[in-house]
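J.:
In my numbering, the protein residues as written are 4 to 455.
(1) According to the Cβ coordinates, are residue 317 and residue 302 closer than 9 Å?
(2) What residue range does the beta strand (DSSP E) around residue 442 cover?
(3) Under a Cβ-count criterion, where at least 16 other Cβ atoms within 10 Å of its own Cβ denotes burial, should residue 446 be classed as buried or exposed?
(4) Any contact of the segment 314-332 with the segment 286-298, i.e. 3+ C-beta pairs under 8 Å?
(5) Residue 48 lies in the beta strand (DSSP E); which residues open and close that run?
(6) Nearest to residue 436 by CA position, among 423, 418, 215 and 47, is which residue?
(7) Cα separation between residue 308 and residue 314?
(8) Helix, strand or coil for residue 328, going by three-state DSSP, please let me know.
(9) According to DSSP, simplified to helix, strand and coil, what is residue 425?
(10) As a quick exercise: from 265, 104, 413 and 385, pick the residue whose alpha carbon is nearest that of residue 375.
(11) Counting only the same chain and skipping the five closest in sequence on each side, list residues whose C-beta sits under 8 Å from that of residue 391.
(12) Just how far apart, CA to CA, sit residue 268 and residue 380?
(13) Mind checking residue 438: buried by the 16 CB within 10 Å criterion, or exposed?
(14) Report the three-state DSSP secondary structure of residue 273 (helix, strand or coil).
(15) Does DSSP put residue 380 in a helix, in a strand, or in coil?
(16) Should residue 86 be counted as a contact of the ligand ZN given a C-beta to heavy atom distance under 8 Å?
(17) Does the segment 103-122 come into contact with the segment 59-77, if we say contact requires no fewer than three beta-carbon pairs (one atom in each stretch) closer than 8 Å?
(18) Helix, strand or coil, according to DSSP, for residue 157 in the structure here?
(19) Could I get the ranges of all uninterrupted beta strand (DSSP E) runs contained in the segment 243-290, with 3 residues as the minimum, in chain order?
(20) For residue 386, I'd like the list of residues in its chain whose CB is within less than 6 Å of its CB, leaving aside the five on either flank, ordered along the chain.
(21) In whole angstroms, give me the CA-to-CA distance for residue 146 and residue 362.
(22) Just to confirm before moving on: does the CB-CB distance between residue 399 and residue 354 stay below 9 Å?
(23) I'd like to know whether the C-beta atoms of residue 289 and residue 346 end up nearer to each other than 9 Å.
(24) Do you know how far the Cα of residue 410 is from the Cα of residue 384?
(25) Between which two residues does the alpha helix (DSSP H) carrying residue 2 extend?
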């Protein structure tokens, strides 16, 4: 069985039934379904320089001696920049560059796919379009180009001559992304399949922000005085007691606040509005949240830590580096990707990544260390944009109802990634080597019903 990971350079071409001109072998349509290209279609083989190979092997902890590189016209004709097929990687003409950091990052991206296949993390046939795996390959490729360790799982070298790649292995490809017209705080929104852009005409962030304010103004007109006051109370700092109460903690209510009544009014207010489109929301998190997720949601204990080569008895004893290693290693496992997490409390998010970054670093307390949660929320999710009712309007808060459930789709390293600022033009640093991005898929009841 053959599976292709494809990195796009331009729009998806229409299905083609004929083979590329001048080449005998499977058609583009057949290649997309998993047929292997002929040697002629693969094109000209290019040697991988020893220095570059050594750098990549050190980064991934793998033996890449069996990897073959090609400059292949058929890759370009398929609308791709590069394609990984087992131990063979095809590059569109002109895309292979060993001298620049960008060229090495592209090579590292494809080697990330090769490594995933060798570990048995992917299966199936045909072109594999998986946004989470593509994002992971981008991160690992950038780390490899920078000469840093790209893989946080078991470090025992894996031979490329193993039976995992005895034939062609899965096929994976990298597509060049178009620059978003959006401002820094606005993300391009994509389904996990990677096939459908949800912001086909990306707005600038301020336009998007204003649209949220306009919708929120209409929503506020539908609220009772009690509902509006409850949302405002949540924003003043009472969220700590409100959410603590929902999580079963022993809390002392703020003066004059009935926690149960306030909770009911907040929930009813949120259910008077919903997301009009699939949306990406942001939330900052510290190491404490990562420890909670590993220990309380994933059940990681002494036995699992020892299997990963960490001689610690508890997640609580892990260093920042060890937290990153465990989290990224667990996130590559299929069981973890299907695990559903939940929180009985309300979930505060922001439409602005800069705000989430500020919270991730505890407003600069931890300098350039912290984690971001990228929450993919589907259309129809009850969610209220509460800026006009909040005492902290700069947070640009989108409030989700209590009891949210989500799946962890990917964990990415943010090492060296520029930190988004709250103020336009603000000078910011880069995330440190142990900072991570958690990509979460929010589950609403309608979607869950369709899954069943």
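No residue lacks a Cβ here, since even glycine has one placed at the ideal position from N, Cα and C.
T.: Taking the geometry as given:
(1) Going by C-beta atoms, residue 317 is not nearer than 9 Å to residue 302.
(2) From DSSP, the beta strand (DSSP E) with residue 442 extends over 439-446.
(3) In the assembly as shown, residue 446 is a buried residue. Its beta-carbon has 16 or more other beta-carbons within 10 Å.
(4) In this structure the segment 314-332 lies against the segment 286-298, because at least three pairs of beta carbons, one per stretch, are closer than 8 Å.
(5) Residue range 47-49 is occupied by the beta strand (DSSP E) that includes residue 48.
(6) Comparing Cα positions, the closest option is 418.
(7) Distance between the alpha carbons of residue 308 and residue 314: 7 Å.
(8) Collapsing the DSSP output to three states places residue 328 in a helix.
(9) Residue 425 falls in the coil class under three-state DSSP.
(10) Closest by C-alpha distance to residue 375, out of 265, 104, 413 and 385, is 413.
(11) These residues qualify, in order along the chain: 216, 219, 220 and 223.
(12) In a straight line, the C-alpha of residue 268 is about 22 Å away from that of residue 380.
(13) By the 10 Å Cβ count, residue 438 comes out buried.
(14) Residue state, collapsed to three classes: helix.
(15) DSSP places residue 380 in the strand class (E or B) of the three-state scheme.
(16) The ligand ZN is not part of the structure shown, which contains no ligands of any sort.
(17) Touching, per the Cβ criterion.
(18) Unreliable positioning characterises residue 157 in this predicted model, as indicated by a pLDDT of 39, which lies under 50. A coordinate reading is not provided.
(19) For the segment 243-290, the continuous beta strand (DSSP E) assignments of 3+ residues that do not extend past its boundaries occur at 282-288, in sequence order.
(20) Excluding its 5 nearest sequence neighbours in each direction, residue 386 has C-beta neighbours in its own chain below 6 Å: 278, 401 and 403, listed in chain order.
(21) C-alpha separation (whole angstroms): 25 Å.
(22) Taking 9 Å as the cut-off, the Cβ atoms of residue 399 and residue 354 count as close.
(23) Contact: no.
(24) About 15 Å.
(25) This structure does not reach residue 2, given that the chain is present from 4 up to 455, and the question cannot be answered.
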